[in-house]
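Read the structure below first, then the notes.
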Amino acid sequence: MHQENAGTQLKSERPYDRTDRVANEIQNILGQIQTQYIDLTELGFITFTKVIISPDLKHAKIFFGVVNNKKSIDKISIELNKKSKAFRKYLGKELTIKFTPSLKFYYDDSISHVERIDKLFNELDKKSKN
366 MHQENAGTQL KSERPYDRTD RVANEIQNIL GQIQTQYIDL TELGFITFTK VIISPDLKHA
426 KIFFGVVNNK KSIDKISIEL NKKSKAFRKY LGKELTIKFT PSLKFYYDDS ISHVERIDKL
486 FNELDKKSKN
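Going by the working numbering, the final residue of the sequence shown carries number 495, and the count climbs one at a time with no gaps.
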């Protein structure tokens with residue numbers, strides 16, 4: 366009986382592990398695609414910060430951050446979503462799952478928060494030296 370429960374427990378934990386693995390794989394591949402195939406320099410320095418994939422692996426939310434943005438965040442988001450088919454094409458060639466998920470890009474503002482905090486610390490540091 367104990368073995369049955371262990372088997373059931375593994376079964377329920379497995380989708381989480383798989384989605385996590387696939388999300389990490391997608392995030393790594395997107396970074397490679399950006400450096401090798403799709404030029405995003407006109408938008409700024411884009412990093413893909415997190416990927417959340419649906420349990421059926423058919424839809425992925427891609428969170429991005431941007432440093433030195435050359436356009437507004439809204440415009441960058443629109444541009445990335447326009448390029449989702451191109452990203453998906455290259456992703457499908459590298460991904461180790463049967464289907465390539467649809468991609469939707471969302472802005473992750475954690476990088477801008479870190480930049481603001483860093484700027485505040487630098488200002489405090491300058492004031493304390495004066």
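The beta carbon of each residue, even a glycine, is placed where N, CA and C say it ideally should be.
Looking at residue i: is its Cβ nearer than 8 Å to the Cβ of residue j?
i	j	result
Q399	I411	yes
L456	I391	yes
S475	G409	no
E407	K447	no
I526	T384	No answer is possible for residue 526: it lies beyond the span of the chain, which begins at 366 and ends at 495.
Quick one: what's got a C-beta closer than 6 Å to residue i's C-beta in the same chain, skipping five residues either side?
i	result
V479	none
L445	F470
T414	F428, G430, D473
K491	none
Tell me which same chain residues have a C-beta within less than 8 Å of the C-beta of residue i, skipping the five on either side of it?
i	result
Y472	F428, F429, G430, V431, I438, I441, S442
N389	V416
S449	S467, L468, K469, F470
F486	none
N433	G409, F410
Using 8 Å for Cβ pairs, my map puts residue i next to residue j. What's the rounded Cβ distance?
i	j	result
I394	L422	That belief does not hold up - the Cβ atoms of I394 and L422 are roughly 14 Å apart, past 8 Å.
S493	H424	49 Å between Cβ atoms; not a contact.
Kindly list the residues whose CB is nearer than 7 Å to the CB of residue i, restricted to its own chain and excluding five residues on each side of it in sequence; keep chain order.
i	result
G452	Looking at the sequence shown, residue 452 is not Gly but Phe. Excluding residues within five positions, the ones whose Cβ falls inside 7 Å are L395, I398, I403, L468.
V387	I418, L422, I462
E362	Only positions 366 to 495 of the chain appear in this structure, which leaves residue 362 out of reach.
* Scan the region 428 to 462 and note each continuous alpha helix (DSSP H) run of 4 residues or more that stays entirely inside, going in chain order. => Fully enclosed alpha helix (DSSP H) runs of 4 or longer: 438 to 447, 449 to 459.
* To do: Give, in chain order, every unbroken run of the beta strand (DSSP E) that is at least 3 residues long and sits entirely within the region 392 to 428.
  => Taking 3 residues as the minimum length, the beta strand (DSSP E) runs contained wholly in the region 392 to 428 are 410 to 418, in order along the chain.
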